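Line order of the protein sequences matches chains A and B. Mapping the first sequence onto this note's numbering, position 314 (from 1) lands on 327, and the numbers just tick up by one. Mapping the second sequence onto this note's numbering, position 44 (from 1) lands on 397, and the numbers just tick up by one. Take a look at the structure set out below.
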Amino acid sequence: MIKLLRILAALALIGVVVVLLLIFLPHHLTEPQEDLAADWTPEEGQGEYAMILGDCAGCHIGADGTPFAGGQPIDSPLGPIYASNITPDPEHGIGEFSLDDFRAVMYDGVDEEGHDLYPAMPYANYRKLSERDIRGLYHYFMEEVEPSSNEVTETSLMFPFNMRFGIRMWKWVALSDPGFEPPFGDEVENAEMLNRGAYLVEGPGHCGACHTPRNLIFAQKGFTAEDSEFLTGGVIDGWTAPDLRQEGTQPQDWDQVEMARFLATGRNAHAGVSGEMELVVQYSTQYWTENDLLATAAYLDEIGHDVARESDAEDDVPSLSEEETVTLLGDADPEMALGPRLYLDNCNACHFSDGRGAANVFPQLAGNATVTAPVPRGLVQTILEGAELPSTEAYPYKLRMPGFGWRLSDEEVAELATFVRNAWGNDAGAVTAADVAGIRSAIEDSPEGHGEAAD
Amino acid sequence: MARQDPKKDVVIVGLGWTGSILGMELSKEGVEILALERGEDRKTVPDFAYPNMIDELKYGIRYGTMQKPKNSTVTIRRTLDETALPYRHLGSFLPGDGVGGAGVHWNGHTWRPMENEFRLRSYVEENWGAEIIPEDMQIQDWGVTYEELEPHFDRFEWMAGISGQAGNVNGEMIEGGNPFEAPRSRGYPLPPLQQTADAEMFAEAARAMGLHPFPRPGANASEAYRNEYGMQLGPCNFCGFCERYGCINYSKGSPQTCVLDALKRKPNFQYKTNSEVLRVTLADDGKTATGVIYWDEEAGEEVFQPADIVILGAYSLHNVHLMLLSGIGQPYDPATGEGVTGRNYAYQMNGGTSMFFKDVDFNPFIGSGTVGMSIDDYAINQIDFGAEGFIGGSYITAGRANGQPIRGIALPSGTPGWGAEWKQGIGEWYGHSMSIGSHGSNMSYRDVYLDLDPTYTDKHGRPMMRMTFNWKDNDIRMTQFMKSKIEPVAESMNPDLMQSSYKGDGAMYDVRPYQTTHNVGGAPMGADPSTSAINRYLQSWDVHNVFVMGASAFPQNIQYNPTGAVGALAYWAAEAIRKDYMPNPRPLV
Ligand SMILES: Cc1cc2nc3c(=O)[nH]c(=O)nc-3n(C[C@H](O)[C@H](O)[C@H](O)COP(=O)(O)OP(=O)(O)OC[C@H]3O[C@@H](n4cnc5c(N)ncnc54)[C@H](O)[C@@H]3O)c2cc1C
Ligand code: SF4
């Protein structure tokens, strides 16, 4: 996020130079990707399903839970960016939008008055949506959603970031070509399924928005699997959004059914969902069809790299094998180091000395992407505050791990985190007390103030 | 003036085991349901979160999760000529309070009564004649058979994630299970827990004497589990803080782990906490209920909640109290033996033998609510009542349920309770003792019952409920019989010291030590409206839109812990309400 600040600052400066040009030049808007008859209407439920795939509900939900009423802040170091009201209310929502206006938002990040939208709205990925899904969405929001007169606080970032024309310039370089190209030809077995998976992941699922690393100007480093860095891990809210492609990462290690189950229920034989991904499961993937989940899993599997993840350059902590860890914990020598001792006292009851937890209930810590993430914020935040699985249709239980921040000092959390990052064959860098202190204060400062989950 | 809220189709009183099950099942009909729970909301995290729950002083001794007598209690007397006094300090039994009810802090022993327990009077009369039934004993048939309930036992066991070993599946006997159990349609959903050393020693000794030990069944998950509602359990870690505690580990079957998050997703289900139901309101002709009056703690006012169906799921004692306060069923009168509400209250007759072994280290900090081995060789269907001179039976069992340091350390009798000698005793015997217990039936009697207290009122100004209960010769003979069977097994294990504790002649009910929270009867079910308060579908005979869940339905106590039967009856009643009553509301019998 600091990086973002710097980049946007630089951008804004350049922006001042070309400001007039930018203000007066009209936007060039992307054309529909398919010629559909003017009276084309989506099948029943198609628009709603496109909304589910795009996870519109997660960001645009009203503070009181009114669907799509908007107003929830999306945290940014420049200040909160408020999600807009996307109900068909003519005054406060998008009721006055024409289909072309709507498409311009989705493809080009331009609203009906020609304002450039902040890229918190993932139009960089939605640019790959089919015209059918665009039309379905438009139909859904205009015809099926209840209007809400919720007036959303206007986003007002500090100068110069409130000069939206900076975004316009950014878009010239940060966006890829619009439209989706099916990457798999008929010669590939399963091409239809894999292409569906590719479409879901690249387009509506906008997985890359979090899981693809960003470059210096905060643009995603790739939008399709042809780009070698596509989906190789990013950062969201200070958490690592894990790499999905390198050998040894979870979607590559798990079988496809387990991957699909994870998206459908937020849990599987190995892991429980955490961080921002929890909201994705809660509002979106739990409602995907089984075929779409399996297509997604198959596609992720297909685009795996054969290269093992590079181990952390700063890692100076020796890694223990599973056997060594089990012996260390089982011996329970009173003289044992602080990290494993804290593990026995706080974690072992659920995650067990083999670090395997219990299928679908207690996540496995061995090989767990949150545990071994390059940026340890997710792990540390989970130790401090606990974490909760979302309630899903098939697995309704909001299983919640309690937080331990109230009883463990920064040093203790650091020791514990370092231990689990290097036990059972895990091999990740040490966490310091200063890291923990920083994460504690970052959590306190966050506007949502995470904390215990409200019901 | 009471506030009146919009009408609901169904009001459920209490959100413990039975309230949760009824909520889940009835919600499938699409009806609007409101559950009213008098206590706080409770969730595993934060309410039972590790490590704060592992506090024996707060929860084990000071009853942190239970009903507070200042808010709700009963008065107790032992005989008709005593004056009942309020049960001001919990001891003998520990009713629950708050979402989950006693299902939060139970141990989890989950049994099915034997086939003949459901038709006990008929069974005794057919085999020995009515003359062996003591004059003041009021045992009755339940009006429902084991066979009818079997699918519902199965539902409950698979919902609550019971670990155990079947002994009889559809008549096929299975090695290692209970050979005396009634046939079940399939095995338990989870394998038995791994046994503790005391249980293994007991089982070995019992086997050597030709007895038939089997793992006792219980709601502590031996493996990760997901039930029919999608709810989940994690494997029990043998924390030893089970009974009296909420499970820290999502491992004990409870309304929280097995029902509630699934139920909360239902748009037609709502629940309100801190809402104590004061009484059920009846229509002018007294034949139907119009709803309930409850105390809304937050608003600080009484509320009239109209409803078409009222489900009492408030725990046996409170169900009967609400019926007495609301005029549902004629109150029982011990002088005439007439009336049904309050009739046939019963309890549980237990005993035990402790053993001390200098050279055995039991690692007593490892324990789980229901880990252990049991025998049913002296069960109700194995005893010749005519020859032995009593009606009843027990299961006998050993296993480390309690791993807690304060109440969990047994000392040889005569050891002082404090000071240097106590310390020395602890040093010498900690980790070196085990016990074998008997858990037995308790019959119902003419002068053992529940009614409204003539003197004491509760904080809402309502008369408190009075319990008249004492031990009777029949049941004392039964427990003495168990002593004569357990002591030889214990002796065969060659302990250094051994001591027994079974009720003897003239034993009077003492409310101070904990015995069990298996308060049953008071609203017995049956086929005859003159001796039962509710019919075989748990429907009030008099007020047909009131259904009364819980162990209050038992006409006398079974030899087992009640909740297996309570759960099965809840599913059985729920099915009758859904399929038979809702389409055509009327007395079902
Ligand atoms: C310490 C202990 C150990 C036990 N161990 C076992 C065991 O191992 N095996 C076994 O079979 N059984 C055991 N039991 C018994 C078991 O817990 C009960 O049989 C079971 O919980 C009964 O279910 P219920 O729904 O009838 O009542 P509960 O689960 O107690 O639920 C009743 C609910 O109603 C609420 N309520 C009461 N009055 C009102 C009112 N007026 N208005 C609104 N709400 C009200 C209460 O607060 C409570 O939440 C144990 C009980 C205790 C206390
Ligand atoms: S013994 Fe097992 S089931 Fe009981 S509270 Fe402990 S972990 Fe939970």
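No residue lacks a Cβ here, since even glycine has one placed at the ideal position from N, Cα and C. Everything numeric in this text was worked out from a predicted model, so none of it was measured.
- Below 8 angstroms, enough C-beta pairs join the stretch 799 to 817 of chain B and the stretch 420 to 428 of chain B to call them touching: three or more.
- The distance from the Cβ of B/A572 to that of B/G529 is about 20 angstroms, inconsistent with a contact at the 8 angstroms cut-off.
- Pairing B/S516 with B/K812, the inter-Cα distance amounts to about 42 angstroms.
- For B/E479, the number of other beta carbons within 10 angstroms of its own is below 16, and it is reported as exposed.
- When the beta-carbon positions are compared, A/G71 and A/Y296 come within less than 9 angstroms of each other.
- Per DSSP, the continuous beta strand (DSSP E) segment holding B/R430 begins and ends at V427 to R430.
- Proximity of A/Y410 to chain B, defined by a Cβ-Cβ separation below 9 angstroms, is satisfied.
- Here the stretch 752 to 769 of chain B makes no contact with the stretch 559 to 567 of chain B; the two share fewer than three CB pairs at distances below 8 angstroms.
- Neighbours of B/Q585 across chain A, judged by C-beta separation under 8 angstroms: N373, V374, Y408, Y410 and L412.
- Secondary structure at B/T610: helix, using DSSP grouped into helix, strand and coil.
- Between B/G745 and B/Q735 the beta-carbon gap is near 12 angstroms, outside 8 angstroms, which marks them as no contact.
- Judged by pairs of C-beta atoms under 8 angstroms, the stretch 706 to 723 of chain B does not touch the stretch 527 to 541 of chain B, as fewer than three such pairs exist.
- The CB of A/S404 comes closer than 9 angstroms to the CB of D614, A615, K617 and R618 in chain B, given here in chain order.
- Proximity of A/E401 to chain B, defined by a Cβ-Cβ separation below 9 angstroms, is satisfied.
- With a threshold of 9 angstroms between beta carbons, B/V398 makes contact with chain A.
- For A/A133 and A/P39, the gap between their C-alpha atoms comes out near 23 angstroms.
- Flagged as an interface residue toward chain B: A/R420, by a C-beta distance shorter than 9 angstroms.
- Collapsing the DSSP output to three states places B/V630 in a strand.
- In terms of beta-carbon proximity, B/C595 stays away from the interface with chain A, with every pair separated by 9 angstroms or more.
- Shortest gap from the CB of B/N602 to any heavy atom of ligand 2: under 8 angstroms.
- If only complete runs of 3 or more residues are kept, the stretch 842 to 871 of chain B shows the beta strand (DSSP E) at 850 to 854, in order along the chain.
- A contact between stretches requires three or more CB pairs, one per stretch, nearer than 8 angstroms, and the stretch 567 to 586 of chain B meets this requirement with the stretch 370 to 386 of chain A.
- Your pair B/P908 and B/N697 checks out as a contact, with CB atoms roughly 5 angstroms apart and the cut at 8 angstroms.
- With a cutoff of 9 angstroms on beta-carbon distance, B/N827 and B/M490 are scored as near each other.
- Chain B places a beta carbon closer than 9 angstroms to that of A/A362, counting this residue as a contact.
- Counting only Cβ-Cβ distances below 8 angstroms, B/R579 has contacts in chain A at N373 and Y408, in chain order.
- Around the C-beta of A/M171, fewer than 16 other C-beta atoms lie within 10 Å, and the residue is accordingly described as exposed.
- Look at B/A402: its C-beta is under 9 angstroms from a C-beta on chain A.
- Around B/I719, the same chain offers T549, F591, G593, R753 and G756 as residues with beta carbons nearer than 8 angstroms, after the five sequence neighbours per side are excluded.
- Secondary structure of A/Q265 (DSSP, three-state): helix.
- With a threshold of 16 other beta carbon atoms within 10 Å, B/M902 meets it and is buried.
- DSSP, read as helix, strand or coil, puts B/F533 in coil.
- When C-alpha distances from A/R148 are compared across A/P45, A/R274, A/H224 and A/G210, the shortest belongs to A/P45.
- Not one heavy atom of ligand 2 lies closer than 8 angstroms to the C-beta of B/G449.
- By the C-beta criterion, the stretch 156 to 172 of chain A is judged to be in contact with the stretch 92 to 107 of chain A, since at least 3 inter-stretch pairs fall below 8 angstroms.
- Annotated three-state conformation of B/M787 is strand, per DSSP.
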